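Student: Under the numbering used here, think of the first position of the sequence shown as 1, with each following residue one higher. Have a look at this one.
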Amino acid sequence: VVSLRRLLAVERDAAERDVLTGLLNRRGLAARAGRVLGGPPGRPVNVLMLDLDGFKPVNDTFGHRAGDQVLVTVAVRLVTHLGGGWCCARLGGDELAALRAGPLTRPPLAVAEGLAGVLAAPIRAGGQDVRVGAAIGIATAATPIGLGDLLGRADMAMYRAQCEGRPLLWTTGHEDVTQSRPLLRTRGLPVPAAYEPAGVR
1 VVSLRRLLAV ERDAAERDVL TGLLNRRGLA ARAGRVLGGP PGRPVNVLML DLDGFKPVND
61 TFGHRAGDQV LVTVAVRLVT HLGGGWCCAR LGGDELAALR AGPLTRPPLA VAEGLAGVLA
121 APIRAGGQDV RVGAAIGIAT AATPIGLGDL LGRADMAMYR AQCEGRPLLW TTGHEDVTQS
181 RPLLRTRGLP VPAAYEPAGV R
């Protein structure tokens, strides 16, 4: 009985994981979110939505294997930078999300700016050093709230971030969107190896 339960748990975990990156998939994120977004009332929640900027040129120029290397590296950087307490997911393609319930130790925009800087560091893919940026949208709310509503707010902020080149925060005021400093946006082109900071691959 114990072995069967373990087997079922392993299969369930595999069904909720993205095969390439090991992040949660949509199903896995929904399962985790369902346990925290329903309450207790008034608990703060934050979600980041990310869309990679410059990913398609990497795929087109160096092939899908190089694109896969980029996605894996981005996933590792996302999890490493955000740390414990965040549920990180690949929603599909080059779109990622991260959810955290409870108060943050830093303001949401500071978290997004730091993450954007980490993701912009060069990545070794297809035998080249390439760069990809990320448009990041942030939504903050309080429980209870549905995952679809929360992701929708973050997605709207992310869309504006794609246009403006900076992380954007969708506040609980719904129409009040606070923006940070502009970010350097890159287009996935090869960069000289000399510009790569140590220890970021």
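Glycine is no exception: its CB is placed at the ideal position from the N, C-alpha and C atoms. Every value quoted in this text rests on a predicted model; they were computed, and no experiment measured them.
Mind pulling the alpha helix (DSSP H) runs of 4 or more residues that sit fully within the segment 67-138?
Tutor: Counting whole runs of 4 or more residues, the segment 67-138 contains the alpha helix (DSSP H) stretches 108-119.
Student: Which residues does DSSP pair with VAL47 in a beta bridge?
Tutor: According to DSSP, VAL47 bridges with LEU99, ALA139.
Student: So, with DSSP's three-state summary, where would you put ASP18?
Tutor: The answer is coil: DSSP assigns ASP18 none of H, G, I, E or B.
Student: Pull up the distance between the alpha-carbon of VAL47 and that of LEU96, whole angstroms please.
Tutor: Going by the C-alpha atoms only, they are around 11 Å apart.
Student: What would DSSP say about LEU168, mapped onto helix, strand or coil?
Tutor: Strand.
Student: Rounded C-beta distance between ALA161 and LEU150? I'm assuming under 8 Å.
Tutor: Actually they do not touch by this definition, with Cβ atoms about 16 Å apart.
Student: Using only the alpha-carbon positions, how far apart do TYR159 and ASP94 sit?
Tutor: Their backbone Cα atoms lie some 14 Å apart in a straight line.
Student: Just verifying my parser: in three-state terms, what is the DSSP assignment at LEU150?
Tutor: Residue state, collapsed to three classes: helix.
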